[in-house]
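Q: Under our numbering, the first residue of the sequence shown is numbered 17, with each subsequent residue one higher. What follows is a structure written as structure tokens; I'll ask about it next.
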Amino acid sequence: MLNQVHPQTLAGFSLKKSVITITGAILSAAGMMSAHAQDAEQGSRQLEEVTVTGTYIRGIEPTGSQVIGISVDDVKASGATSANDILATIPQASNLFNAMTSLEPTAPSQTQVVRPNLRALPKFSTSTGNVTLILVDGHRVVPVGVKQSAVDSDMIPPAVIDRVEIITDGGSSLYGADAVGGVINFVTKKDFEGVELSAGYSHGDDYWSYDTNITAGTTWENGSGYLSFSHSDRDAILGKDRSWAKNGIWADRSTVNPSDGECINPTATSTVFLDGSAVASLGGTGELCDVGALRALVPEEDRSSVYFGVTQDLTDQVSLDLKGFFSERNTTWARYPQGDTVATSAVPATGFAVVDTVGFSYGPHKAYDHREGETTFEAWGLSPELKIDFANGWRLSNLVHYSESVSEYMEPSSDLTKLQSYVLAGDIDPTNIAASDPAAIRDVLNQENTGESEQELLLVRAIADGPLMQLPAGEMNMAIGVEYAEQEARIREGQVQIGGLSNVGFQSADRTVKSVFAELQVPLVSGKPGIESLVFSASARYDDYSDFGDTTNPHIGFTWEPVEWLSIFANWGESFNAPTLVDQIGRSEAGYNPGVAGLFLGDAAAAAGVNVDFLTRPDAVQLFGAKDDLQPQTAETWAVGFTMTPPVVPGLQVQANYYEIEFTDILGFFDPRSPISAQQYASSYTWNPTQAQLDAAAAEAFNGSSALAGVNASTVAVILDRRLGNGDEAMIRGLDFGIGYEHSTDIGTFDYQLSGNYKLESEIKSVEGDQWFDDRDNQAKYNLLTTVGWQHDTWRAKLSFKYTPGFDVNDASLNPSTGEPLQDEVGSFLVTDLYVGYDFKGTGVTQDLSVHFNVDNIFDEEPPLYRRNGQVPYSGFTLGRVFSVSATKRF
């Protein structure tokens, strides 16, 4: 349900009351079980069987699926300082591999959470949630974001990660929503003994970062506990720091001309109006500039987190685990000195007039107080889990998880209505801003575009798993569980006076989800000629959502081992992704973008076959938010693969996995700059709008009367309806593959790995028609990772090659002189990284001391150029050559 909440309402009281009651009940039950336990002979508990991601049954591997694992040693060798850096080491994480693992260079209000996208599912970047489920220790955690609602993987510091497990098949039959492209489970440390200090520093061209961690823990007879604190800080990289990051209009294959008009030195255009409508442009004066030169390509960022874990055996059969975390992240977005575009005189309703429109920056004025954009996240959570082991091998696991997050963003803004009034009154001169009235400047700039969200998650889950019966081929195992979840989100946004967000009321949405699920693993045959082992599994989950109904998602799989060294597996299942609470809250919102239409939408207009005079119609209007009646996006997936370790070549492993995903009712919106979008979503573009059409768009938005006040339709090139909705369909087929070989020599052990992901097919059909488009156009069709490792005594080294091939493009900008595309192919991208580690054997200071050296992008390769006007002019991303050194000392 949707409802209004007053800003001073006690947020989340009902959820907090629920979690306190439930947590208290579990802890009380644990105390009673401990107090009334039989006086059995005390002994050490058997080594606990691990539950692997992709199954709720202890001690087994998921049947029919591949599991990608990242170990602690892998994390160290990667030199990763964030969880997304870790994920960037696998080719299946399509949007992170050889790409940016931090926020993209865009407005803080638009992109706030970096989300991994397994399987490269379409529309991912334009949705608010995630189609890859992120778990921490096997359960969900609270999402973050204001215009997004997704788990921030980077809240988990690498120092507390024990391993990362990745399932690349749909997982909704066990985990519910979001597990369409797969599941990523960050498993944190269970226990720790002693004290560990670590610190690292990285340096590159115009860049530095550092990270520190301290972890302390102890174990006792029947339990253990640890506490870990991590902090990292990163410098910004500006557009001017990287020659390949220039923005503007491509004049030819080698020349990029600046295209921004709100510059320190003013620019102006003269437009002829007749009876209130623009009829001609007389051209412009002044030199355009590149505001992207001072904009953050990589924003400045600092992160801090605290993690703790306690485990206690209450009896031989009962144990209590408690984990908790607090994490905060602050991101600062450097920007060019703020500017605006304003008309120097009013447009008369009748007659002939020439009106100058001036773009300028407030930077030269002494009253200008430069502010950067900011985003901040805070999140915390607690997870008590009571485990009860029974004599028949069954276990009952009872989990309560509660977490909260607070997210904020701020972009400096200006009051355009006041600006126009001051210009017409002569108090502000946009052609000589330094001579303007200081009070008027301060009044206009007393604005910010800002937002805040508060989100809560309560999760209560009980799972029983164990053996059902003994079959001739082995033990049949089962898991069955129930889950109850409450989620609430409260959001407020607005363009307000500085500090004025507290006067804006929250919009809120909440939901409850009641679920039941079961999993069965059946060994069918074992020890027979041609069937060393044949295991079948089936699982299903029923979810009842309070806001959009119920859904049932099944999954089946088998694993067949004809011989001990060959495993063949396959699976089929259905998955879904529910609209986020941000989607449910989303209202239609209008935005006005003066002077940008020709830069961003010229290629789209050409593809749509429309004639737009961008000189007289330089502006664009957009509608954001979410449409009504959103529904879950759903998927049907299947995969088949094999793993082979032939004994004739000891140390060799070969594996492959073919998959298909049929994705329907996709949630998202389109990129209006793309020529393909202009064809696929033609009805969402209103080219050369009339005043009546502009007024209708304003009426659709809650802020239409203010955001579009005074906008003249004759200067608007297009109205874009970019509200999030359902409807598109996609078909994805691909192949994961890998080969590894390890052998020992007199000088150490060598290992060689080759792994990759190949997109065989990715087609998408819009809700507007029956034509399928190849979504692989304009992107690389595969990712390839090759590593060579060496270990001898206490030395370790690894050389990694991350390769992204070149690809054909059909959306490059046109040469303004010839009308021909500026390129038809983007080049390949190869990044080479080196890691060297050494563990000291000494005593005293060097005892239990390890040092690590990394050189990322050894050859300082630049990402290949991708010549598109108004978009980032490169494909892939790199920080450049970065040298890193770190040390770890245990006591």
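For glycine and all other residues, C-beta sits at the position ideal for the given N, C-alpha and C. If you're wondering where the values come from, they're calculated on a predicted model, not measured in any experiment.
#1: Would you identify the three-state DSSP class for E716, choosing helix, strand or coil?
#2: Anyone know if the C-beta pair for R527 and L617 falls short of 8 Å?
#3: Along the alpha helix (DSSP H) that carries P400, what are the first and last residues, could you check?
#4: Give the single residue among I73, S270, Q82 whose Cα lies nearest to the Cα of N587.
#5: The alpha helix (DSSP H) spanning P691 covers which residue range?
#6: Between the Cα of L12 and the Cα atoms of G216, E420, G300, which residue gives the shortest distance?
#7: Cα separation between Q887 and N263?
#8: How far does the beta strand (DSSP E) with D849 in it extend, from its first residue to its last?
#9: Classify E472: buried if its beta carbon has 16 or more other beta carbons within 10 angstroms, exposed otherwise.
#10: Alpha carbon to alpha carbon, what distance is there between I102 and D89?
#11: So T144 packs on T596, CB below 8 Å; how close in whole Å?
#12: Per DSSP, what kind of secondary structure is G80 in: helix, strand or coil?
#13: Could you tell me which residues DSSP pairs with S531 in its beta bridges?
#14: Out of D793, E317, G490, E468, which one is the CA nearest neighbour of N826?
#15: Considering only their Cβ atoms, is the gap separating D185 from A714 smaller than 8 Å?
#16: Is F140 helix, strand or coil by DSSP?
#17: Looking at N238 and Q333, is the spacing between their C-beta atoms short of 8 Å?
#18: So, under 8 Å CB-CB, L683 and L646 are touching, yes? Tell me the CB distance rounded to an integer number of Å.
#19: Report the CB separation of T466 from V538 in whole angstroms; it is logged as a contact under 8 Å.
#20: What is the rounded straight-line gap between the Cα of S760 and the Cα of I547?
#21: Distance, Cα to Cα, Q807 vs D170?
#22: Use the C-beta contact count for K205: other C-beta atoms within 10 angstroms, 16 or more gives buried, fewer gives exposed.
#23: Could you check whether V626 and W703 sit closer than 8 Å to each other, using their CB atoms as the reference points?
#24: Measure the C-alpha to C-alpha separation of F208 and D864 and round it to an integer number of angstroms.
#25: Extract the residue ranges of the beta strand (DSSP E) inside the stretch 303-347, only unbroken runs of 3 or more that lie entirely within it.
#26: I'd like to confirm the pairing. Which residues does DSSP put opposite G241 in its beta bridges?
#27: State yes or no: is the C-beta of V529 within less than 8 Å of the C-beta of Y561?
#28: Three-state secondary structure (DSSP) at K434?
#29: Please look up how many angstroms separate the CB atoms of Y217 and G896, rounded, as I've assumed it's under 8 Å.
#30: With a threshold of 8 Å, are at least 3 pairs of Cβ atoms found where one atom belongs to the stretch 476-487 and the other to the stretch 439-457?
#31: Less than 8 Å between the C-beta atoms of A892 and F845, yes or no?
#32: With distance defined between alpha-carbon atoms, name the residue in I172, D291, V160, P138 nearest to A96.
#33: Output needed for P691: all residues of its chain with C-beta closer than 6 Å, excluding positions within five of it in sequence on either side, in chain order.
#34: I need the straight-line Cα distance from K92 to D356, nearest angstrom please.
#35: Would you kindly work out how many angstroms separate the C-alpha atoms of S214 and V861, rounded to a whole number?
#36: Go ahead and pull the three-state DSSP assignment for P174.
A: Here's the rundown:
#1: The residue given as residue 716 occupies position 700 in the sequence shown. The answer is helix: DSSP assigns E716 an H, G or I state.
#2: The sequence position of residue 527 within the sequence shown is 511, counting from 1. The sequence position of residue 617 within the sequence shown is 601, counting from 1. It is not a contact, given that the beta carbons lie outside the stated cut-off.
#3: As a position in the sequence shown, residue 400 is number 384, starting the count at 1. Not the alpha helix (DSSP H): P400 falls in the beta strand (DSSP E), residues 389-405.
#4: The residue you call residue 587 lines up with position 571 of the sequence shown. Checked all of I73, S270, Q82; the closest Cα to N587 is Q82.
#5: Along the sequence shown, read from residue 1 onward, the residue named residue 691 stands at position 675. Looking at the DSSP string, the run of the alpha helix (DSSP H) that includes P691 is 691-696.
#6: The chain is shown only over 17 to 907; residue 12 falls outside these bounds and no answer can be derived.
#7: Translated into positions along the sequence shown, residue 887 becomes position 871. Translated into positions along the sequence shown, residue 263 becomes position 247. Roughly 7 Å between the two C-alpha positions.
#8: Reading the sequence shown from its first residue, position 833 is the one you call residue 849. Run containing D849: 845-855, per the beta strand (DSSP E) assignment.
#9: For the purposes of this step, residue 472 is taken as the residue at position 456 of the sequence shown. It counts as buried.
#10: Counted from its first residue, the sequence shown places residue 89 at position 73. Counted from its first residue, the sequence shown places residue 102 at position 86. Each residue's Cα considered, the two are about 11 Å apart.
#11: On the sequence shown, position 128 is the one that residue 144 refers to. On the sequence shown, position 580 is the one that residue 596 refers to. Sure, about 5 Å apart at Cβ, within 8 Å.
#12: Here residue 80 refers to the residue found at position 64 of the sequence shown. Here G80 sits in coil by DSSP.
#13: As a working note, residue 531 is residue 515 in the sequence shown. E499, D559.
#14: Stepping through the sequence shown from its first residue, residue 826 is reached at position 810. The residue with the shortest Cα to Cα distance from N826 is D793.
#15: To locate residue 714, count along the sequence shown from 1; it is residue 698. To locate residue 185, count along the sequence shown from 1; it is residue 169. Against a cut-off of 8 Å, the Cβ pair of D185 and A714 comes out as no contact.
#16: Here residue 140 is taken as the residue at index 124 of the sequence shown, counted from 1. Here F140 sits in helix by DSSP.
#17: Translated into the one-based positions of the sequence shown, residue 333 becomes position 317. Translated into the one-based positions of the sequence shown, residue 238 becomes position 222. No, Cβ-Cβ distance for Q333 and N238 is not below 8 Å.
#18: Reading the sequence shown from its first residue, position 667 is the one you call residue 683. Reading the sequence shown from its first residue, position 630 is the one you call residue 646. Right, the Cβ-Cβ distance comes to about 7 Å (below 8 Å), so this counts as a contact.
#19: Along the sequence shown, one-based indexing puts residue 466 at 450. Along the sequence shown, one-based indexing puts residue 538 at 522. Not confirmed; about 56 Å, so no contact.
#20: Looking up residue 760 in the sequence shown gives position 744. Looking up residue 547 in the sequence shown gives position 531. Going by the C-alpha atoms only, they are around 32 Å apart.
#21: For the purposes of this step, residue 807 is taken as the residue at position 791 of the sequence shown. For the purposes of this step, residue 170 is taken as the residue at position 154 of the sequence shown. When rounded, the distance between both Cα atoms is 30 Å.
#22: Position 189 of the sequence shown holds residue 205. Buried: at least 16 other Cβ atoms inside 10 Å.
#23: The residue given as residue 703 occupies position 687 in the sequence shown. The residue given as residue 626 occupies position 610 in the sequence shown. Yes, the pair counts as a contact, with Cβ atoms nearer than the cut-off.
#24: Numbered from 1 along the sequence shown, position 192 holds the residue referred to as residue 208. Numbered from 1 along the sequence shown, position 848 holds the residue referred to as residue 864. Cα to Cα, the separation comes out at about 15 Å.
#25: 312-314, 316-329
#26: Stepping through the sequence shown from its first residue, residue 241 is reached at position 225. According to DSSP, G241 bridges with T234, V326.
#27: As a first step, residue 529 must be located in the sequence shown, where it is residue number 513. As a first step, residue 561 must be located in the sequence shown, where it is residue number 545. Yes, Cβ-Cβ distance for V529 and Y561 is below 8 Å.
#28: Residue numbering aside, residue 434 sits at position 418 when the sequence shown is read from its first letter. K434: helix per DSSP, three-state reduction.
#29: Locating residue 217 in the sequence shown gives position 201, where the first residue counts as 1. Locating residue 896 in the sequence shown gives position 880, where the first residue counts as 1. That pair is no contact at about 16 Å.
#30: no
#31: Here residue 892 refers to the residue found at position 876 when the sequence shown is read from its first residue. Here residue 845 refers to the residue found at position 829 when the sequence shown is read from its first residue. The displayed chain sequence assigns Gly, not Ala, to residue 892. Taking 8 Å as the Cβ cut-off, G892 and F845 qualify as a contacting pair.
#32: In the sequence shown, the residue the question calls residue 96 occupies position 80. For the residues I172, D291, V160, P138, the minimum Cα distance to A96 belongs to I172.
#33: As a working mapping, residue 691 is identified with position 675 in the sequence shown. Counting only Cβ-Cβ distances below 6 Å, and skipping sequence neighbours, we find D619, A620, A623, D827.
#34: By one-based count along the sequence shown, residue 92 stands at place 76. By one-based count along the sequence shown, residue 356 stands at place 340. Taking the straight line joining both Cα atoms gives about 47 Å.
#35: Position 198 of the sequence shown, counted from the start, is the residue given in the question as residue 214. Position 845 of the sequence shown, counted from the start, is the residue given in the question as residue 861. One C-alpha to the other measures close to 14 Å.
#36: As a working note, residue 174 is residue 158 in the sequence shown. P174 falls in the helix class under three-state DSSP.
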